[in-house]
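Here's the structure, in structure tokens; my notes come after.
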Amino acid sequence: MKRAANFFDRFFGLKKTKVSLPSVDAPHLFVTGRPNITANESKRIKEKYAGLSDEALEGKLNDAEKKITDSPNLSNQSKIMVMAVSPEIGELRQELDRRAREQQSTLTASMYSRPR
0 MKRAANFFDR
10 FFGLKKTKVS
20 LPSVDAPHLF
30 VTGRPNITAN
40 ESKRIKEKYA
50 GLSDEALEGK
60 LNDAEKKITD
70 SPNLSNQSKI
80 MVMAVSPEIG
90 ELRQELDRRA
100 REQQSTLTAS
110 MYSRPR
């Protein structure tokens, strides 16, 4: 059964494979675009942005992305690569994703916990 699961994972590309970007050493990035972070890093990021609201986080993310997109000496491809490996942008996206998943799980839990 496990062999069949491995085959399907490889066949349909469900396994996460590392990407090497040209001229940028970014082994921490995966095809999904999500950084491969440890539990300690996740906890540190959560504590770092604990006092900010979702809107403030989105504003910081937009400002960081705008700073890169407004730089005149980078090509469009370079801007995309810089945004992909920027630790600040990665942390902000990670925290927004975590909050969205947390909110979705509480919504799902409340939906199933109603009395019938």
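Numbering (numbering that gives the first Met the number 0), first residue to last: 0 to 115. Backbone N, C-alpha and C fix where the C-beta goes; we use that ideal spot for every residue, glycine too.
Simplified DSSP state of Y111, which is helix, strand or coil: helix
Cα-Cα separation between D69 and E57, rounded to whole angstroms: 18 Å
At least three beta-carbon pairs within less than 8 Å, the region 99–113 to the region 59–75: no
Cβ-based burial, Y111 [other Cβ within 10 Å; buried from 16]: exposed
Segments of 4+ residues assigned as alpha helix (DSSP H) that fall wholly inside the region 35–82: 38–47 and 53–68
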